[in-house]
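Beneath this line is the structure, given in structure tokens, with notes to follow.
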Ligand code: GUN
């Protein structure tokens, strides 16, 4: 491995401990406890997980969080009324509307309604607009791209004149990351699904931020030697593991020693099979002995692993610095949110 690891966990821990100190100082000096309102609409499992993690992190640094959950059948006016209430709630210094919202909720209207002083996610059009404009400074910057910039800064990246390539142009990550790089005088290229010869464009990058949601898309030969590579992707990858396993036939109580076998050569179609090591009988997934818990069996042989948008094993051999997944950008998103919420409460105290 040639690349140095950019350790998001320890950099995020440092940000969090700075926030913890700031929170207690604010309370001592002004009697203010920073408050974050989270708004979760619908039942997106990933969003529920993220919001839970954000609220837990708030508790750990002394920020009070107020969780608001609306069902997937909530109407636009219910969401709007909630935001209006939070805008005038003196205990709330930051409002976080977890995205994506359900399809029938107008995201643009909701984000534009959040008071810019409480827009700790930085998605209000005024904050995003100022981020893109020369000579203007937003009150808040979106947490994930801001976290990426901090990781780059802390690992010694130089921005002025560097070739920076951003893969992806989402409102949440790619676009604001691009604007931040431009603000730091990098020479910027933003790539998307229409970009021609992506590997060649990436090879020009001194700084590469990958935020496309495609597992392990960025390969080793896309990388300029010594580049800084920031991997924002969090993708599930099912990997099979081939070690022998014991499993139970629920109806007969027999146990089998099974191992994973690729049966695709026999049938053409890609299939996975299980072989009873004692009898030698081979079973495809669709023709197991009666009573076997197919799902349980499949789980025995397939493990879910988190991977980024970057093929870490290949890219680490070429890059100069690289973030791992997990443990890179992920922890920074929450740390920046805490930091923004504290700053919002401090601004109120200074008024
Ligand atoms: N969904 C995915 N990332 C984010 C984020 O940073 N903030 C919000 N509000 N929603 C998200």
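In our numbering, the protein residues as written are 1 to 351. For each residue, glycine too, the CB sits at the ideal point set by N, CA and C.
Distance from the CA atom of residue 110 to the CA atom of residue 221, rounded to whole angstroms, is 42 Å. For the segment 35-115, the continuous alpha helix (DSSP H) assignments of 4+ residues that do not extend past its boundaries occur at 45-61, 76-87 and 107-113, in sequence order.
The C-alpha of residue 22 lies about 9 Å from the C-alpha of residue 339.
Segment contact: the segment 228-237 against the segment 303-323, three or more CB-CB distances shorter than 8 Å; contact assigned. Buried is the label assigned to residue 206, since at least 16 other Cβ atoms lie within 10 Å of its Cβ. Spanning the alpha carbons of residue 85 and residue 123 requires a straight line of approximately 19 Å. Proximity of the beta carbon of residue 143 to the ligand GUN is indicated: a heavy atom of the ligand is located closer than 7 Å. The C-alpha of residue 333 lies about 31 Å from the C-alpha of residue 197.
The way I'd put it, the segment 184-198 does touch the segment 161-171; three or more beta-carbon pairs between them come closer than 8 Å. Residue 40 is not a Cβ neighbour of residue 76, given a cutoff of 8 Å.
For residue 348, the enclosing alpha helix (DSSP H) begins and ends at 329-350.
A straight-line Cα-Cα distance of about 31 Å links residue 61 and residue 304. Inter-residue distance for residue 171 and residue 343 is about 23 Å (C-alpha atoms, whole angstroms). Checking the DSSP bridge columns, you'll see residue 164 partnered with 188 and 207.
Apart from the 5 residues on each side of it in sequence, residue 311 sits with its Cβ closer than 8 Å to the Cβ of 216, 217, 218, 219 and 220 in its chain, given in chain order. Beta bridge pairing from DSSP links residue 310 with 218. Excluding the 5 residues flanking it on each side, residue 140 has same chain C-beta neighbours closer than 6 Å at 119, 120, 122, 127 and 340, in chain order.
For residue 19, the uninterrupted alpha helix (DSSP H) run begins and ends at 8-30, by DSSP.
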